[in-house]
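The sequence shown runs 32 to 112 under the numbering used here. Taking it in order: structure first as structure tokens, then the write-up.
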Amino acid sequence: MILETFHRSQTDKFLGGVCGGVAEYLDAPTWLVRLIWVVVTLIPYLTIPSILIYILMWIFVPLGPKALDPNTVDAEFKVKE
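Structure below.
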């Protein structure tokens, strides 16, 4: 298993890409990570801390690589003289 660095997702994001990045890092379904975050946020004493942690991660965790559009050609062409 190759250990990837933690980053926010650019392709699987709803608000800031934090839950998508966590899901990519843990190799878990994104809906499950989002559901866990919502449930933790609904717990009375964890509401403000979980929102603050999300905002801080949104600010400080770097964006991950952007996936290429399958309709985009990524090639270099050289002209022969």
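In this text, a Cβ means the ideal position worked out from N, Cα and C, and glycines have one as well.
Given a cut-off of 8 angstroms on the beta-carbon distance, is the pair residue i and residue j in contact?
i	j	result
Lys97	Thr42	yes
Ile86	Thr72	no
Gly53	Trp89	The amino acid at residue 53 is misidentified as Gly; the sequence shows Val. Against a cut-off of 8 angstroms, the Cβ pair of Trp89 and Val53 comes out as no contact.
For residue i, which option in the options has the closest C-alpha, if you only look at C-alpha atoms?
i	options	result
Val64	Thr72, Gly51, Lys111	Gly51
Tyr56	Lys109, Val110, Val92	Val92
Lys44	Asp58, Lys111, Leu94, Ile74	Leu94
With H, G and I counted as helix, E and B as strand and the rest as coil, what does DSSP make of residue i?
i	result
Leu46	coil
Lys111	coil
His38	coil
Val92	coil
Looking at the C-beta of residue i, does it have a partner C-beta in chain C at a distance below 8 angstroms?
i	result
Asp58	As a matter of chain content, chain C is missing from the structure shown, which is built from one protein chain.
Review point. Can we say the segment 69–81 touches the segment 35–48, given the rule of at least three CB pairs closer than 8 angstroms?
Key: Here the segment 69–81 does not lie against the segment 35–48, with fewer than 3 beta-carbon pairs under 8 angstroms apart.
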